[in-house]
Amino acid sequence: MAKIWLRDIKDHLNQEVWLKGWVFNKRGSKKIQFIELRDGTMVVQGIVTINDSNQETWDVCSELTQESSIEIRAQVVEHPKSVSGCELIIKEIKVIQIAVDFPITKKEHGPDFLLKRRHLWLRSRLQRSIMHVRSQIIKALHNFFHEKNYTHMDSPILTGTIGEEGSTLFSTEYFDKGNAYLAQTGQLYLEASCAALGKVYCFGPTFRAEKSKTRRHLTEFWMLEAEVAFNNNEDNMDLQEEMFKYVVQHVIDTCPLQLKSLGRKVEDLQKFIQPFAKLSYDDAVDRLHEKGSKIVRGKDLGAEDEVMLTQDYEMPVFIYNYPKSCKAFYMKKDPNNSERVLCSDLLVPGYGEVIGASQREDDLETLTQNIIDFGLNPESFDWYLDLRKYGTFEHSGFGIGLERTVSVITGVKHIRETIPFPRMMTHIEP
RNA sequence: UCCCUGAUAGCUCAGCUGGUAGAGCAAUCGACUGUUAAUCGAUUUGUCGUAAGUUCGAAUCUUACUCGGGGAGCCA
């Protein structure tokens with residue numbers, strides 16, 4: 140008999156099959172026992188009755204515990220009540236291993252307890268749903284860019300000193316070349332790739348040694364970055380909007396069961412498919428002043444300001460053209476206002492920033508001066524400056540945080556549940 | 001780095017102005033032919049985070065430390 144996965148079980152209605160999996164849950168009475176069998180693709184209920192099964196099967200079933208691994212022979216029957224539409228009449232059970240005292244019970248647990256057992260926590264229903272959605276989001280992102288003929292150009296993870304200033308870097312020894320650093324962004328490399336292939340993106344882990352302890356921060360997270368030659372800041376925002384909507388639609392189409400188990404309503408997700416709102420930084424400051432914020436024009440928006448701004452909208456909001464002093468050295472000066480740069484942040488109501496974007500400074504002199512003004516050494520940016528020497532070009536790009544996107548789409552409050560093994564200030568194992 | 005908050009049974013927590021601990025769940029045993037966080041009955045469970053101090057007496061008050069949780073800054 141061929142091996143069968145539970146998600147394909149409908150194709151075997153009224154047949155007898157062999158299945159392998161784990162006991163997700165068990166309950167029963169004197170004459171009937173229910174096993175929820177989980178194999179990673181689905182959970183389907185199996186039934187053992189004292190009448191339909193032999194005594195040995197009944198006794199084996201009685202010994203089963205949560206997360207015991209088993210192999211069963213069963214008849215697949217219809218069962219309209221269940222999610223799969225099927226149920227299993229169990230004829231025979233072979234125990235692979237009885238799991239003793241599985242620590243994660245059916246009742247509530249605290250975050251520290253669960254994080255220390257992340258390797259086991261992943262087996263829970265909610266965690267499996269989140270991981271499935273995450274996987275589909277990754278797929279959607281790749282599909283989106285490939286459909287548009289982008290080239291996937293990965294950036295290095297180990298780098299020299301080059302990179303954004305501000306955030307702290309993780310460092311490691313690199314032979315006799317001193318320290319190497321784990322990348323905080325692939326952007327500068329992606330700009331080089333962009334000059335070679337026009338429309339490019341990279342997707343990989345990034346590392347920030349920030350001592351952030353909030354529900355939106357990880358020290359290791361996955362970021363997709365895209366860079367497009369001859370795109371200005373407007374084009375850039377259009378691209379982000381199209382991409383974000385594509386991803387949301389893909390999840391709606393492919394993950395209905397997972398969204399349901401997460402308690403995420405499709406109507407709420409559809410709010411992310413409406414046209415996004417756009418607000419310039421200066422208009423945002425005006426709006427904030429009307430609402431009673433004490434923000435000083437020229438200073439960065441605080442977390443409270445972002446909440447205040449987005450609560451008027453149900454769709455994501457672009458805030459564009461921030462003050463130069465709040466943003467990175469590589470952003471292009473706004474030709475209409477030398478104190479502003481051509482950039483945007485995408486804020487999602489009830490969550491916060493998910494995408495950071497900008498048009499890049501393409502003038503050699505201005506960029507060199509920016510590097511100096513930001514207290515950086517132009518010599519360590521020599522290859523980056525080359526891009527402005529040999530056929531400089533207007534270009535723009537952005538970075539979207541994968542885990543934040545998963546959070547926003549699944550409605551999961553804390554980012555630590557959106558990555559298989561989260562790395563945070565306080566957690567490095569498992 | 002700063003602010004707030006917490007650490008009591010395997011888990012989640014209660015324990016008031018000091019008098020050496022309690023609930024629910026889990027586990028174990030039992031009851032029940034359809035349950036789906038099954039239900040019902042019974043039983044078991046503790047260096048009260050660590051160290052010192054105040055006191056006749058500390059889970060409770062004081063100090064320090066350790067480890068969490070939430071947030072700010074920073075960002076995705």
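Take the position in the first sequence, starting the count at 1, then add 139; the result is the number in the numbering used here.
No residue lacks a Cβ here, since even glycine has one placed at the ideal position from N, Cα and C.
What residues match up with residue i in a beta bridge as DSSP calls it?
{"i": "Q413", "result": "Paired residues: none, contrary to the question."}
{"i": "P462", "result": "R479"}
{"i": "R166", "result": "F173"}
{"i": "I186", "result": "F173 and I228"}
{"i": "T565", "result": "T565 pairs with nothing; no bridge assigned."}
{"i": "R499", "result": "M470"}
{"i": "W157", "result": "R212"}
{"i": "D150", "result": "Per DSSP, none; premise fails for D150."}
{"i": "H534", "result": "A368"}
{"i": "I539", "result": "L363 and I494"}
{"i": "E217", "result": "C225"}
{"i": "V456", "result": "A416 and L486"}
{"i": "C341", "result": "E364"}
{"i": "V234", "result": "I209"}
{"i": "F346", "result": "E359"}
Whose C-alpha, out of the options, is nearest the C-alpha of residue i?
{"i": "I229", "options": "I276, R146, Y469 and E210", "result": "E210"}
{"i": "D150", "options": "R166, K170, Q214 and Q413", "result": "Q214"}
{"i": "D484", "options": "A416, K430 and R436", "result": "A416"}
{"i": "G538", "options": "M382, P561 and E429", "result": "M382"}
{"i": "E160", "options": "L481, V234, F411 and S221", "result": "Note on identity: in this sequence residue 160 is Gly, with Glu being the wrong assignment. Cα-wise, what sits closest to G160 is V234."}
{"i": "R555", "options": "M181, D251 and K278", "result": "D251"}
{"i": "I567", "options": "T204, L254 and P488", "result": "L254"}
{"i": "A279", "options": "I391, E349, L524 and K528", "result": "I391"}
{"i": "G179", "options": "R347, Q379, S268 and E286", "result": "S268"}
{"i": "E231", "options": "D501, R212 and F241", "result": "R212"}
{"i": "R146", "options": "Y461, L321 and L396", "result": "L396"}
{"i": "Q409", "options": "L265, M454, P344 and Y469", "result": "M454"}
{"i": "P488", "options": "T505, D451 and I494", "result": "D451"}
{"i": "I558", "options": "D191, I296, H271 and R264", "result": "H271"}
{"i": "K245", "options": "R262, I237 and Q236", "result": "R262"}
{"i": "I296", "options": "I511, Y328, W522 and F520", "result": "Y328"}
{"i": "M564", "options": "R273, E349 and Q154", "result": "E349"}
{"i": "A334", "options": "K552, R562 and G530", "result": "G530"}
{"i": "G337", "options": "K552, D421 and F284", "result": "F284"}
{"i": "R479", "options": "K430, G514, D422 and F532", "result": "D422"}
Give me the Cβ distance between residue i and residue j, rounded to the nearest whole Å; I'm assuming they're in contact under 8 Å.
{"i": "L308", "j": "Q323", "result": "7 Å"}
{"i": "K170", "j": "I189", "result": "4 Å"}
{"i": "Q184", "j": "S221", "result": "6 Å"}
{"i": "L398", "j": "F457", "result": "In fact, because the Cβ distance is near 26 Å, the residues do not count as touching under 8 Å."}
{"i": "F127", "j": "T204", "result": "No answer is possible for residue 127: it lies beyond the span of the chain, which begins at 140 and ends at 569."}
{"i": "A331", "j": "L526", "result": "6 Å"}
{"i": "N372", "j": "Y459", "result": "7 Å"}
{"i": "L481", "j": "L503", "result": "About 17 Å separates the two Cβ atoms, so there is no contact after all."}
{"i": "I494", "j": "Q379", "result": "5 Å"}
{"i": "P474", "j": "G437", "result": "Rounded, the Cβ-Cβ distance is 19 Å, inconsistent with contact."}
{"i": "M447", "j": "S432", "result": "6 Å"}
{"i": "R562", "j": "L265", "result": "With 8 Å as the limit, R562 and L265 do not qualify as a contact, their Cβ atoms being about 20 Å apart."}
{"i": "K466", "j": "T505", "result": "Contact doesn't hold; Cβ gap of about 14 Å is too wide."}
Considering only residues of the same chain and omitting the five flanking positions on each side of residue i, which have a CB-CB separation below 8 Å?
{"i": "R403", "result": "I548, T549 and G550"}
{"i": "N375", "result": "V367, S483, A496, S497, Q498, S535, G536 and F537"}
{"i": "I143", "result": "H151, V156, W157 and L158"}
{"i": "T196", "result": "V187, I229, K230, E231 and I232"}
{"i": "I276", "result": "V386, H389, V390, L541, T544, V545 and I548"}
{"i": "E434", "result": "One point to set straight first is that residue 434 is Ile, not Glu, in the sequence displayed. The answer, listed in chain order, is V424, L427, H428, L440, G441 and D444."}
{"i": "G224", "result": "K149, E217 and H218"}
{"i": "N509", "result": "F468, Y469 and E500"}
{"i": "D315", "result": "none"}
{"i": "E202", "result": "V234 and I237"}
{"i": "L176", "result": "L145, L158, G160, W161, V162, F163, V182, V183, Q184, G185, I209, I211 and L227"}
Give a single yes or no on whether residue i has its beta carbon closer than 7 Å to a heavy atom of the ligand PLP.
{"i": "D315", "result": "With respect to the ligand PLP, the structure shown offers nothing to examine, as it has no ligands at all."}
Excluding the 5 residues preceding and the 5 following residue i in the sequence, name in chain order all residues of the same chain whose CB lies nearer than 6 Å to its CB.
{"i": "F342", "result": "L363"}
{"i": "E226", "result": "Q184, V216 and H218"}
{"i": "T507", "result": "P517"}
{"i": "T311", "result": "A319"}
{"i": "T298", "result": "Y320 and A322"}
{"i": "F411", "result": "V387"}
{"i": "K287", "result": "none"}
{"i": "C394", "result": "V272 and Q275"}
Using a Cβ-Cβ cutoff of less than 7 Å, which residues in the same chain neighbour residue i once the five nearest sequence positions on both sides are dropped?
{"i": "T345", "result": "A322, Q323, T324, F360 and M362"}
{"i": "R355", "result": "G491, R543 and I554"}
{"i": "V405", "result": "I391 and L398"}
{"i": "V199", "result": "I232 and V234"}
- Could you name each continuous beta strand (DSSP E) segment of 3 residues or more that falls completely within the region 256 to 338, going from the start of the chain to the end? 310 to 312 and 318 to 321
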